[in-house]
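Asker: Shown below is the structure under consideration.
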Amino acid sequence: MTITSLGAPSTLPARQVEELGLRESATFDRATIADIQRAAATGVYDIRGWGAKRKVPHFDDLLFLGASMSRYPLEGYREKCDTDVVLGDRYASRPLHLQTPVTIAGMSFGALSANAKEALGRGASEVGTSTTTGDGGMTPEERGQSKHLVYQYLPSRYGMNPDDLRKADAIEVVLGQGAKPGGGGMLLGQKITERVARMRTLPVGIDQRSASRHPDWTGPDDLEIKIGELREITDWKTPIYVKIGASRPYYDTALAVKAGADVVVVDGMQGGTAATQQVFIENVGIPTLAAIPQAVQALQELGLHRKVQLIVSGGIRTGADVAKAMALGADAVAIGTAALIALGDNDPRYAAEYAAMGSAAGFYDDFQDGRDPAGITTQDPELSSRLDPIAGGRRLANYLRVLTMEAQTIARACGKSHLRNLEPEDLVALTIEASAMARVPLAGTSWIPGAKQ
Amino acid sequence: MVTLIQSQTQDYPTAADEATVDLADSPVRNLNQALHGAAHGQFWTVENPGGKHNLAVGIDAEVSVTINGHAGYYAAGMHQKGEVTIYGNAGVGLAENIMSGKVHVKGDASQSAAATGHGGLVVIDGNAGARCGISMKGVDIVVGGNIGHMSAFMAQAGRLVVCGDAGDALGDSIYEARIYVKGTVASLGADCIEKPMSIEHLDELAELLAAAGRTDNPADFKRYGSARNLYHFSVHNSTSY
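Protein chains in written order, with the numbering used here: chain R, 1 to 453; chain U, 454 to 694.
The structure is reproduced here in structure tokens:
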């Protein structure tokens, strides 16, 4: 959403607003007023990128209990704290072995420029983690630059073909994403260039609105057969993930496992999108924090926690977030929005260009427009040439290393010799809401709201 | 059990190479793995398919496979290059995402036949269920009988030929695919309209019918395709969906 209309008070310094005794409505705040004005002016709903912007209980509402008397810590810079993770060893003969549990989430060529996709591949490969295709097929650039490439299998099947399927290191059957559980992909005409159109077998410049259901299966029983087909085509070598947008993760995880998934990916509502209706992003799905314990519970009840791996995404920003997701039971995490920021998204150096579009660094989310000054969410040759894939890859690798080292710092403080040894007992919650969702006690108490005695 | 009548080699074989797989005493996995290693020019026969799923999926060689009986879901899925003939009926997702080559069903096919197919030819002598040719991306489909509702939904490219009748909402949200129907159409989906038949269309239809081994007269068909009114999102179309 762009800041399309700023009311008079916003142009006044905060102090003056206070002195004048002006009161902003909590219900009709300035962003809401702008939304209504925009809807009245245009007659169409707002489509934007990014994930949910509303405040929801999140990893910030959790704290770690460092070691002290009853548990002892590991030496911060000396004792080993491993970070590697094996994904997909339930049925696949060639599981992925990643050096860090921080992976790159699915983002399409089309939504992103070819340079951005290449930079993601370079950055991920440098630190030994995986990157993921999106709704639009696999490009030679990303296959070439990605040591571990996950190939998404989406309802649209744009660019889906058995040659690329066999080239993939893992296959991710996508049922939904956190930004829009129950919704299909969207790519507006300004980003459907000749190359994007050719890869998707669509006319150039049309508004592409992908299907939200798979064309040849419905429900978990069909999915089991579909996964069987993908395994047969790849001779049971390639791990198969099932990605769900977090809405009913307890049931969806159990059904994905029943259908034969090697790995379940759960994407919370803070997970990003390149283009979706704002009303969808902000009002459908549940927070990442609430989704993890439900997915873990399903895996534990089936006796398959750690055997079917869980990847969590949606709002991962820091090594603390990585550590908290893993302490709650995830085997790995995926980042999307944060990876784009590492490449240069919302950089203040483009302040003037953001302003010209009615936005600002830190607010820019009009990924659907294809006019991204950082050259990431665009197909414009001039804009995308601004992103050097080698330099971008290096920035992403730096960021991935920081996330990993931060998570290790916390794990050592909790006395863990491997990130996966973090456990819910290492966590407390700061708020009642976070305590109930994450199922860890409110700090200083033994109380978990809703927990069975 | 895989019985190779002549030696199966990775070298260029003679066209006489034949193999029979009896699924009464051999798992589907063995069949598919053997087919993935099959050499160009080989003839394979599958006995006792028993409606099993995922038969002959992921073929990527100029082989000829005959399935003597009914097939379950995704028969000849993601097919490339070779030819698969099913002497029976086929389940959901027949030849889904086919890239090239030919898949021929002598009986009926269930839902989503040739879904998302990118190329090649799929021939169904009998009827096809709902969503035949859904999201098709370049495949040619010839159905001897009728097709179910929502067929050619979001069809992007390729040709769908129906020698019988079509169910409701034919070609809903269709892009550039062409549909030819000889019989009646229960209803057209959003943005799908009847279009005039020119010489070009009669010619391509004649070719498709001939490729499918049919003798129907192209002049008896009507053509349907996209009105292209919904290609761009506009508030004025909000009641069209």
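C-beta atoms are modelled at their ideal positions from N, C-alpha and C, and glycine is treated no differently. In this text, all values refer to a predicted model and were calculated from it rather than measured experimentally.
Could you give the residue range of the alpha helix (DSSP H) that holds residue 313/R?
Answerer: Start at 1 with the first residue of the first sequence, and residue 313/R comes out as number 313. Counting along the chain, residue 313/R falls outside any alpha helix (DSSP H), though it belongs to the beta strand (DSSP E) covering 309-313.
Asker: What residue range does the alpha helix (DSSP H) around residue 391/R cover?
Answerer: Residue mapping note: residue 391/R aligns to position 391 of the first sequence, counting from 1. It spans 389-413 - the alpha helix (DSSP H) in which residue 391/R sits, taken as one unbroken run.
Asker: Note down the Cα distance separating residue 429/R from residue 438/R, rounded to an integer number of angstroms.
Answerer: The residue you call residue 429/R lines up with position 429 of the first sequence. The residue you call residue 438/R lines up with position 438 of the first sequence. So the two alpha carbons sit approximately 8 Å from each other.
Asker: Could you work out which residues of chain R lie near residue 515/U, taking near to mean beta carbons separated by less than 8 Å?
Answerer: Against the second sequence, residue 515/U aligns to sequence position 62. Within chain R, no residue comes near residue 515/U; the closest Cβ sits about 15 Å away, beyond 8 Å.
Asker: Is DSSP giving residue 186/R helix, strand or coil here?
Answerer: Translated into positions along the first sequence, residue 186/R becomes position 186. Correct three-state label for residue 186/R: strand.
Asker: Assuming residue 566/U and residue 577/U are in contact, meaning their beta carbons sit under 8 Å apart, how far apart are those beta carbons, in whole angstroms?
Answerer: The residue labelled residue 566/U in the question sits at position 113 within the second sequence. The residue labelled residue 577/U in the question sits at position 124 within the second sequence. Between residue 577/U and residue 566/U the Cβ distance is about 6 Å, and since that is below 8 Å, they are a contact.
Asker: Any beta-carbon of chain R closer than 8 Å to the one on residue 534/U?
Answerer: Reading the second sequence from its first residue, position 81 is the one you call residue 534/U. With 8 Å as the cut-off, residue 534/U does not count as an interface residue toward chain R.
Asker: In the DSSP output, which residue or residues are listed as bridge partners for residue 580/U?
Answerer: Position 127 of the second sequence, counted from the start, is the residue given in the question as residue 580/U. Paired residue(s): none; residue 580/U is not in a bridge.
Asker: Are there 16 or more other CB atoms within 10 angstroms of the CB of residue 352/R, so buried, or fewer, so exposed?
Answerer: Taking the first residue of the first sequence as 1, we reach residue 352/R at position 352. Per the 10 Å Cβ criterion, exposed.
Asker: Give me the chain R residues within the contact set of residue 486/U, using Cβ-Cβ distance strictly less than 9 Å, ordered along the chain.
Answerer: As a position in the second sequence, residue 486/U is number 33, starting the count at 1. Against residue 486/U, the close residues of chain R are 232, 235, 236, in the order they occur along the chain (beta-carbon pairs closer than 9 Å).
Asker: What are the start and end residues of the alpha helix (DSSP H) that includes residue 515/U?
Answerer: Against the second sequence, residue 515/U aligns to sequence position 62. From DSSP, residue 515/U is part of no alpha helix (DSSP H) but of the beta strand (DSSP E) over 513-521.
Asker: Run through the region 597-678 of chain U for me and flag every whole beta strand (DSSP E) of 3 or more residues, listed as ranges in chain order.
Answerer: Fully enclosed beta strand (DSSP E) runs of 3 or longer: 610-615, 631-634, 645-648.
Asker: Under 8 Å between beta-carbons, which chain U residues line up against residue 273/R? List them in chain order, please.
Answerer: In the first sequence, residue 273/R corresponds to position 273, counting from 1. Proximity of chain U to residue 273/R at the Cβ level (cut-off 8 Å) is not reached, the minimal Cβ distance being about 16 Å.
Asker: So, residue 98/R versus residue 440/R, is the Cβ gap smaller than 8 Å?
Answerer: Counted from its first residue, the first sequence places residue 98/R at position 98. Counted from its first residue, the first sequence places residue 440/R at position 440. Contact flag unset, no.
Asker: Cα-Cα, which of 18/R, 109/R, 96/R is closest to residue 458/R?
Answerer: Absent from the structure is residue 458/R, since the part of chain R shown begins at 1 and ends at 453.
Asker: Since residue 216/R meets chain U, which of its residues come closer than 7 Å, beta carbon to beta carbon?
Answerer: Against the first sequence, residue 216/R aligns to sequence position 216. 545, 546, 549, 565, 568, listed in chain order.
Asker: In chain order, what residues of the same chain have a beta carbon less than 8 Å from the beta carbon of residue 217/R, not counting five sequence neighbours either side?
Answerer: Counting from one through the first sequence, the residue named residue 217/R turns up at place 217. Around residue 217/R: 223, 225, 226.
Asker: Given a cut-off of 8 Å, decide if residue 646/U and residue 601/U are closer than it, judged by their beta-carbon atoms.
Answerer: Translated into the one-based positions of the second sequence, residue 601/U becomes position 148. Translated into the one-based positions of the second sequence, residue 646/U becomes position 193. It is not a contact, given that the beta carbons lie outside the stated cut-off.
Asker: Using the Cα positions of residue 154/R and residue 12/R, report the straight-line distance between them to the nearest angstrom.
Answerer: Counting from one through the first sequence, the residue named residue 154/R turns up at place 154. Counting from one through the first sequence, the residue named residue 12/R turns up at place 12. Cα to Cα, residue 154/R sits roughly 48 Å from residue 12/R.
Asker: Report the rounded CA-to-CA distance for residue 71/R versus residue 149/R, giving the unit in angstroms.
Answerer: Along the first sequence, read from residue 1 onward, the residue named residue 71/R stands at position 71. Along the first sequence, read from residue 1 onward, the residue named residue 149/R stands at position 149. If I take the Cα positions, the gap works out to 39 Å.
Asker: Write down every uninterrupted run of the alpha helix (DSSP H) in the region 141-221 of chain R whose length is 4 residues or greater and which is fully enclosed by it, in chain order.
Answerer: The alpha helix (DSSP H) runs of length 4 or more contained entirely in the region 141-221 of chain R are, from start to end of the chain, 162-167, 194-200.
Asker: Name, in chain order, the residues that DSSP records as bridge partners for residue 241/R.
Answerer: For this step, residue 241/R is matched to residue 241 along the first sequence. The partner list for residue 241/R (beta bridge, DSSP) reads 172/R, 263/R.
Asker: With 8 Å as the threshold, decide whether the Cβ of residue 162/R is near any Cβ in chain U.
Answerer: As a first step, residue 162/R must be located in the first sequence, where it is residue number 162. So, interface residue.
Asker: Note down the Cα distance separating residue 436/R from residue 286/R, rounded to an integer number of angstroms.
Answerer: Mapped onto the first sequence, residue 436/R falls at position 436. Mapped onto the first sequence, residue 286/R falls at position 286. About 14 Å.
Asker: Would you check if the distance between the CB atom of residue 531/U and the CB atom of residue 162/R is smaller than 8 Å?
Answerer: Position 78 of the second sequence, counting from 1, holds the residue named residue 531/U. Position 162 of the first sequence, counting from 1, holds the residue named residue 162/R. Yes; because the gap between Cβ atoms is below 8 Å, this pair is in contact.
Asker: Is it right to say residue 478/U is buried, meaning 16 or more other beta carbons lie within 10 angstroms of its own, or is it exposed?
Answerer: Along the second sequence, read from residue 1 onward, the residue named residue 478/U stands at position 25. Exposed is the call here.
Asker: Helix, strand or coil, according to DSSP, for residue 471/U in the structure here?
Answerer: Counting from 1 along the second sequence, the entry for residue 471/U is found at position 18. It is a strand residue.
Asker: Within the 8 Å Cβ cut-off, does residue 157/R reach chain U?
Answerer: Sequence index remark: in the first sequence, residue 157/R carries index 157 (1-based). Residue 157/R counts as touching chain U.
Asker: At the 8 Å Cβ level, is residue 587/U part of the contact set with chain R, yes or no?
Answerer: As a first step, residue 587/U must be located in the second sequence, where it is residue number 134. So yes, residue 587/U belongs to the interface.
Asker: Within the continuous beta strand (DSSP E) that includes residue 557/U, where are the two ends?
Answerer: For this step, residue 557/U is matched to residue 104 along the second sequence. Per DSSP, residue 557/U belongs to the beta strand (DSSP E) from 555-558.
Asker: Between residue 178/R and residue 51/R, is the Cβ-Cβ spacing less than 8 Å?
Answerer: To locate residue 178/R, count along the first sequence from 1; it is residue 178. To locate residue 51/R, count along the first sequence from 1; it is residue 51. Yes; because the gap between Cβ atoms is below 8 Å, this pair is in contact.
Asker: Strictly under 8 Å for the Cβ-Cβ distance: is residue 677/U near chain R by that measure?
Answerer: The count along the second sequence starts at 1 and reaches residue 677/U at position 224. Under the Cβ criterion of 8 Å, residue 677/U is not counted among the residues facing chain R.
Asker: Ignoring anything shorter than 4 residues or poking outside the region 276-355 of chain R, list the alpha helix (DSSP H) runs there in chain order.
Answerer: 278-283, 288-301, 319-327, 337-343
Asker: With 16 other CB atoms within 10 Å as the buried threshold, where does residue 593/U fall?
Answerer: The count along the second sequence starts at 1 and reaches residue 593/U at position 140. Its Cβ being crowded by 16 or more others within 10 Å, residue 593/U is buried.
Asker: Have a look at residue 634/U and residue 579/U and give me their C-alpha separation to the nearest angstrom.
Answerer: By one-based count along the second sequence, residue 634/U stands at place 181. By one-based count along the second sequence, residue 579/U stands at place 126. Using only the alpha carbons, I get a separation of about 15 Å.
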